[in-house]
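What follows is one structure encoded as C-alpha cells, with my remarks underneath.
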Amino acid sequence: NIFSASAQNIPANTPAAINGPLKVIGTKLCNQYNNPIQLRGMSTHGLQWFYNSCYTNTRSAAFDALRNWGADILRISMYVQEGGYETDPAGFTAKVKALVEVATARGMYALIDFHQLSPGDPNFNTE
Numbered sequence: 135n136i137f138s139a140s141a142q143n144i145p146a147n148t149p150a151a152i153n154g155p156l157k158v159i160g161t162k163l164c165n166q167y168n169n170p171i172q173l174r175g176m177s178t179h180g181l182q183w184f185y186n187s188c189y190t191n192t193r194s195a196a197f198d199a200l201r202n203w204g205a206d207i208l209r210i211s212m213y214v215q216e217g218g219y220e221t222d223p224a225g226f227t228a229k230v231k232a233l234v235e236v237a238t239a240r241g242m243y244a245l246i247d248f249h250q251l252s253p254g255d256p257n258f259n260t261e
C-alpha cells in the first residue's frame, strides 16, 4: 500500500492527512470515512520533455503554489512511448518516485498516469 508507506511523511491538516486512503464505492471516490470527495489539482506534462527544466527542483515555489492554491492532487504524466518509459524504465521510475515525494511532502495525493498515445492500441503494453 503506497499510501501507508508514505503516510508518515504527510503533513497534518492537509488533504491527504485529513482524507486518508481513498477508495471507490460504487461510482464515487471516497475518503477513509466512506464520504464522497472530489480532488482538484494540476497535471505535469510528459516527463520526458520538461522534467529537467520544470520538475527537478522539488523545493520549487511552483509546487508550493499548487498547495497554496488549494490543489490536493498532482497528476504525474509518464508517457510509455514518445521517448518516455520504454527508453529508460529505471530512470522514469525514479522521476515518478521523486514527484510522488513532492506531492506527499505537501499533503497532496499523487496520481500516476501511465500515459500511452502510440500506437493507439490500449492493449499494446499490457505485459
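Under my numbering, the residues of the sequence shown are numbered 135 to 261, in order. Heads up, the beta-carbon is just placed ideally off N, CA and C, and yes, glycines get one too. These numbers were taken from a predicted model, which means no experiment stands behind them.
Contacting residues, own chain, Cβ-Cβ under 8 angstroms from residue i (five flanking each side not counted)
| i | result |
| --- | --- |
| M242 | T148, P149, A150, G175, L200, R201, A205, D206, I207 and L208 |
Where residue i falls: helix, strand or coil (DSSP)
| i | result |
| --- | --- |
| I246 | strand |
| P170 | strand |
| R201 | helix |
| G217 | coil |
| L208 | strand |
| G225 | helix |
Residue(s) in a DSSP beta bridge with residue i
| i | result |
| --- | --- |
| V158 | L163 |
C-alpha gap between residue i and residue j, whole angstroms
| i | j | result |
| --- | --- | --- |
| A239 | P145 | 7 angstroms |
| P256 | I171 | 29 angstroms |
| G180 | A237 | 17 angstroms |
| F197 | I210 | 13 angstroms |
Minimum C-alpha distance to residue i - residue among the options
| i | options | result |
| --- | --- | --- |
| T161 | I210, N169 and E261 | N169 |
| E216 | G154, L156, L233 and L251 | L251 |
| Y219 | Q182, I246 and N143 | Q182 |
| Y185 | E261, K231 and G254 | K231 |
| P253 | I246, Y213, I159 and E235 | Y213 |
Close beta carbons around residue i, own chain, < 7 angstroms, minus the five adjacent residues each side
| i | result |
| --- | --- |
| I159 | N168 |
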